[in-house]
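Chemist:
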Amino acid sequence: MTGAQFKRVTPRSGAPVTLSFDGVPLTATAGDSILATLLSHGRFVRHHEFGGGPRAGFCLMGACQDCWVWSGHGGRLRACTTPVADGMALFAEPQPLLPSHE
Amino acid sequence: MNRIVIVGAGPAGIAAAEVLCARGHRPILIDEGEQAGGQGYRQPSAGLALDMSRLMGSEAGKYDALHARFANLKGRIDYRPRTMVWAIDGRTLHLVCDGRADVVEADTLLLATGAMDRVAPLPGWTLPGVFTLGGAQVALKDQGCLIGHRVAFLGSSPLLLLAAGQYREMGGEVAVVADTTPLRAKAAAFPAMMRSPRTLLRGLAYMAGAMRAGTPLLHGVTPLAIEGEGHVEALRVRDGRGRERRFSCDAVALGYGLKPETQLADLAGAALAYDADFRLFLPKTDGFGRSRPGLYLAGDGATIGGADAAEASGALAAHAVLTDLGASQDIAVIRRLARQVVRLRGFQRGLARAFAWPVAQIRAQPDATVLCRCENVTIGAVRAAMAQTLGPVEVNRVKAMTRCGMGRCQGRVCGPALQEIVAGVSGQDGAAAGRLRGQAPVKPIALAAAADTAP
Chain L
0 MTGAQFKRVT PRSGAPVTLS FDGVPLTATA GDSILATLLS HGRFVRHHEF
50 GGGPRAGFCL MGACQDCWVW SGHGGRLRAC TTPVADGMAL FAEPQPLLPS
100 HE
Chain R
0 MNRIVIVGAG PAGIAAAEVL CARGHRPILI DEGEQAGGQG YRQPSAGLAL
50 DMSRLMGSEA GKYDALHARF ANLKGRIDYR PRTMVWAIDG RTLHLVCDGR
100 ADVVEADTLL LATGAMDRVA PLPGWTLPGV FTLGGAQVAL KDQGCLIGHR
150 VAFLGSSPLL LLAAGQYREM GGEVAVVADT TPLRAKAAAF PAMMRSPRTL
200 LRGLAYMAGA MRAGTPLLHG VTPLAIEGEG HVEALRVRDG RGRERRFSCD
250 AVALGYGLKP ETQLADLAGA ALAYDADFRL FLPKTDGFGR SRPGLYLAGD
300 GATIGGADAA EASGALAAHA VLTDLGASQD IAVIRRLARQ VVRLRGFQRG
350 LARAFAWPVA QIRAQPDATV LCRCENVTIG AVRAAMAQTL GPVEVNRVKA
400 MTRCGMGRCQ GRVCGPALQE IVAGVSGQDG AAAGRLRGQA PVKPIALAAA
450 ADTAP
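Line by line, the protein sequences give chains L and R. With numbering that gives the first Met the number 0, the residue at position 58 of the first sequence is 57, and numbering never jumps. With numbering that gives the first Met the number 0, the residue at position 298 of the second sequence is 297, and numbering never jumps.
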């Protein structure tokens, strides 16, 4: 799937942040949410656990819980309310823990 | 001293904290957000060069004033941002902040938890690119992003036009503003809306703006489907004259008015009752925001009234707190606030009647339409469960059998539509269908955090 879901209309100044989604490196700016970052580069944040369809969040204000992404460091992150951080490894599917976190 | 805890730092929570501070209290103000302001007066996140005056338009003065007042207040209260109340057990509030658990004891609890969009399901609404109308505004205010490049606005709300105007203003393309409300219903609500002429004029200005920009503006539509392979590609509706129309777009903003976030009020022991105008269960309070002894409710989390009503009701509830603690009060101030709240909430009630929740359209949805996004439960699955001999006729029983409303959002999203489907199948009114009960944790939290302080 190509193209971006979100259209950025306002620039942001801040420290550059490098992260990855399903192994693909992405760049963002400190202050960007995980959701805005993923949807500025693509069209979904996860595959639904029942049925597998792509999901990209819905309410964007922390209520609907549709935008949880999997972290390579264990656990899940709610993409719309979590800011990006350098070195984040994010996935659309649950992951085995990285060796360094076992 | 009586420990007062306010939950929610939107206009209601801020106004309440201000009144209490002015009388020598130092309330704890807990807020899930990174920054105060709530959803409507949300501030851009750090580093974003967003011109909020331009975006807020006629409300820019109020936006600036509220944030200036909060900046002045911040040092005089115990302000706890990024903090979620996930359970209430008697006087004890269970909190989690940055993954760490905490508890706080509240002698007096003032809930100003705000609202979220109410949405009606339709085929294709789980596709990436479909967001709530409020979410479309949050993406812009918080992140400087539009939810798509060409956006369709669908629902039943005057805010469809407001958001579409903001999107146009910021360089977005608006595919269509499609309102399920017939134009004659809007006209019939005119007298009620005269209670707040300023808001009415604002609404008319949005409409004029859309017409000048050449945005297709449809009234009385029947939504048919959101179409696309893996993401939104088009919105299909039947217009008011019965013609099928298809609008190419890569995003849809959905909004059918607002619904209060009542989960914490429910856990705190507030009584809720069905409201036939909003077709929602709302917490019961007296005219000042008192629920049960020690519990006060304000803002859209109590009754949908908009930002001005939220601010006035927050101040009013704080005066009720002070009165109940034995402080002397200026009765003229309280009367003025009470009148303001009644007037503004009356206006919103008129809007809720005009921009009605499309009950018949929801009940006519095909079996294959997903109702519960979390658990992927279709409307057909709910109908089938209810069709069994001695099948359930109440939403919590339906939830137990189908998992509809049992997912991570706790029925925040599907609850109102589930209530209408259940009422429709069983031939009851919405009140008899019941409401999904609030449960702790009200939002997902890590088990490790919960284990520290579990009730």
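Each residue gets a CB set at the ideal place from its N, CA and C atoms; glycine is no exception. Keep in mind it's a predicted model, so treat the numbers as computed, not measured.
Shortest alpha-carbon distance to residue 117 of chain R belongs to which of R:320, R:358 and R:428?
Modeler: Here residue 117 of chain R refers to the residue found at position 118 of the second sequence. Nearest option by C-alpha distance: R:358.
Chemist: Do residue 61 of chain R and residue 306 of chain R count as a contact pair if the criterion is CB distance below 9 Å?
Modeler: Position 307 of the second sequence, counting from 1, holds the residue named residue 306 of chain R. Position 62 of the second sequence, counting from 1, holds the residue named residue 61 of chain R. Yes. Within cutoff.
Chemist: Do residue 445 of chain R and residue 103 of chain R count as a contact pair if the criterion is CB distance below 9 Å?
Modeler: Reading the second sequence from its first residue, position 104 is the one you call residue 103 of chain R. Reading the second sequence from its first residue, position 446 is the one you call residue 445 of chain R. No, Cβ-Cβ distance for residue 103 of chain R and residue 445 of chain R is not below 9 Å.
Chemist: So, at 6 Å on beta carbons, what are the nonlocal neighbours of residue 336 of chain R in its own chain, with the 5 sequence-adjacent residues on each side left out?
Modeler: As a first step, residue 336 of chain R must be located in the second sequence, where it is residue number 337. Result list for residue 336 of chain R: 311, 314 and 315, in chain order.
Chemist: Which residues in the same chain as residue 100 of chain L place their Cβ atom closer than 6 Å to its Cβ, once the five residues preceding and following it in sequence are excluded?
Modeler: In the first sequence, residue 100 of chain L corresponds to position 101, counting from 1. For residue 100 of chain L, the pLDDT reaches just 48, beneath the cut-off of 50, and the residue's location in the model is therefore unreliable, although a value from the coordinates is still provided. 72 and 73, listed in sequence order.
Chemist: What is the DSSP secondary structure of residue 126 of chain R, reduced to helix, strand or coil?
Modeler: Indexing the second sequence from 1 puts residue 126 of chain R at position 127. Residue 126 of chain R falls in the coil class under three-state DSSP.
Chemist: For residue 111 of chain R versus residue 12 of chain R, is the C-beta spacing smaller than 9 Å?
Modeler: Locating residue 111 of chain R in the second sequence gives position 112, where the first residue counts as 1. Locating residue 12 of chain R in the second sequence gives position 13, where the first residue counts as 1. Yes, these two residues count as a Cβ contact at 9 Å.
Chemist: Can you name the start and end residues of the beta strand (DSSP E) that residue 346 of chain R belongs to?
Modeler: The count along the second sequence starts at 1 and reaches residue 346 of chain R at position 347. Where residue 346 of chain R is concerned, there is no enclosing beta strand (DSSP E), although the alpha helix (DSSP H) it sits in stretches over 330-353.
Chemist: Where does residue 243 of chain R land, buried or exposed, given buried means 16+ other C-beta within 10 angstroms?
Modeler: The count along the second sequence starts at 1 and reaches residue 243 of chain R at position 244. Exposed, by the Cβ-count rule.
Chemist: Rounding to the nearest angstrom, what Cα-Cα distance links residue 84 of chain R and residue 93 of chain R in this structure?
Modeler: Translated into the one-based positions of the second sequence, residue 84 of chain R becomes position 85. Translated into the one-based positions of the second sequence, residue 93 of chain R becomes position 94. Straight across, the Cα-Cα distance linking residue 84 of chain R with residue 93 of chain R is about 6 Å.
Chemist: Along the chain, where does the beta strand (DSSP E) containing residue 254 of chain R start, and where does it finish?
Modeler: By one-based count along the second sequence, residue 254 of chain R stands at place 255. Unbroken beta strand (DSSP E) run through residue 254 of chain R: 250-254.
Chemist: With 16 other CB atoms within 10 Å as the buried threshold, where does residue 7 of chain R fall?
Modeler: In the second sequence, the residue the question calls residue 7 of chain R occupies position 8. So residue 7 of chain R ends up on the buried side.
Chemist: Residues of the segment 217-239 of chain R with a CB closer than 8 Å to any CB of chain L: list them in chain order, please.
Modeler: 229 and 230
Chemist: Along chain L, which residues have their Cβ under 9 Å away from the Cβ of residue 248 of chain R?
Modeler: For this step, residue 248 of chain R is matched to residue 249 along the second sequence. Going along chain L, no residue has its Cβ under 9 Å from residue 248 of chain R, so there is no contact; the nearest lies around 12 Å.
Chemist: Which residues in chain R sit within 8 Å of residue 87 of chain L, going by Cβ to Cβ distance?
Modeler: The sequence position of residue 87 of chain L within the first sequence is 88, counting from 1. In chain order: nothing, as chain R lies at least about 15 Å away.
Chemist: For residue 435 of chain R, would you say it is in contact with chain L, using Cβ-to-Cβ distances shorter than 9 Å as the test?
Modeler: Here the question's residue 435 of chain R lines up with position 436 in the second sequence. So, not an interface residue.
Chemist: Which residues share a DSSP beta bridge with residue 259 of chain R?
Modeler: Taking the first residue of the second sequence as position 1, residue 259 of chain R is located at position 260. According to DSSP, which records beta bridges pairwise, residue 259 of chain R is partnered with R:114.
Chemist: Counting only beta-carbon atoms, is residue 19 of chain L nearer than 9 Å to chain R?
Modeler: Position 20 of the first sequence, counting from 1, holds the residue named residue 19 of chain L. It does not: the Cβ of residue 19 of chain L has no partner Cβ on chain R nearer than 9 Å.
Chemist: Comparing alpha-carbon positions, which option in R:443, R:189 and R:166 lies nearest residue 347 of chain R?
Modeler: Counting from one through the second sequence, the residue named residue 347 of chain R turns up at place 348. Ranking R:443, R:189 and R:166 by Cα distance to residue 347 of chain R puts R:189 first.
Chemist: From residue 25 of chain R to residue 4 of chain R, what distance separates their C-alpha atoms?
Modeler: Translated into the one-based positions of the second sequence, residue 25 of chain R becomes position 26. Translated into the one-based positions of the second sequence, residue 4 of chain R becomes position 5. Going by the C-alpha atoms only, they are around 9 Å apart.
Chemist: How about residue 44 of chain R: is its C-beta nearer than 9 Å to some C-beta of chain A?
Modeler: Note that chain A does not occur in the displayed structure, where the protein chains are L and R.
Chemist: Tell me whether residue 20 of chain R sits in a helix, a strand or coil according to DSSP, three-state version.
Modeler: For this step, residue 20 of chain R is matched to residue 21 along the second sequence. Looking at residue 20 of chain R - three-state DSSP - the assignment turns out to be helix.
Chemist: Check residue 298 of chain R in the structure and name its three-state DSSP category.
Modeler: By one-based count along the second sequence, residue 298 of chain R stands at place 299. The answer is helix: DSSP assigns residue 298 of chain R an H, G or I state.
Chemist: Is it true that the CB of residue 254 of chain R sits closer than 9 Å to the CB of residue 153 of chain R?
Modeler: Taking the second sequence and counting its residues from 1, the one referred to as residue 153 of chain R is at position 154. Taking the second sequence and counting its residues from 1, the one referred to as residue 254 of chain R is at position 255. A contact, by the Cβ cut-off of 9 Å.
Chemist: Contact criterion: CB-CB distance below 9 Å. Does residue 148 of chain R meet it with respect to chain L?
Modeler: Translated into the one-based positions of the second sequence, residue 148 of chain R becomes position 149. Cβ-Cβ to chain L under 9 Å: yes for residue 148 of chain R.
Chemist: Quick one: what's got a C-beta closer than 8 Å to residue 483 of chain R's C-beta in the same chain, skipping five residues either side?
Modeler: It is not possible to answer for residue 483 of chain R, since the shown part of chain R is limited to 0 through 454.
Chemist: Quick check on the burial criterion: 16 or more other C-beta atoms within 10 angstroms. Buried or exposed for residue 210 of chain R?
Modeler: As a first step, residue 210 of chain R must be located in the second sequence, where it is residue number 211. Under this definition residue 210 of chain R is an exposed residue.
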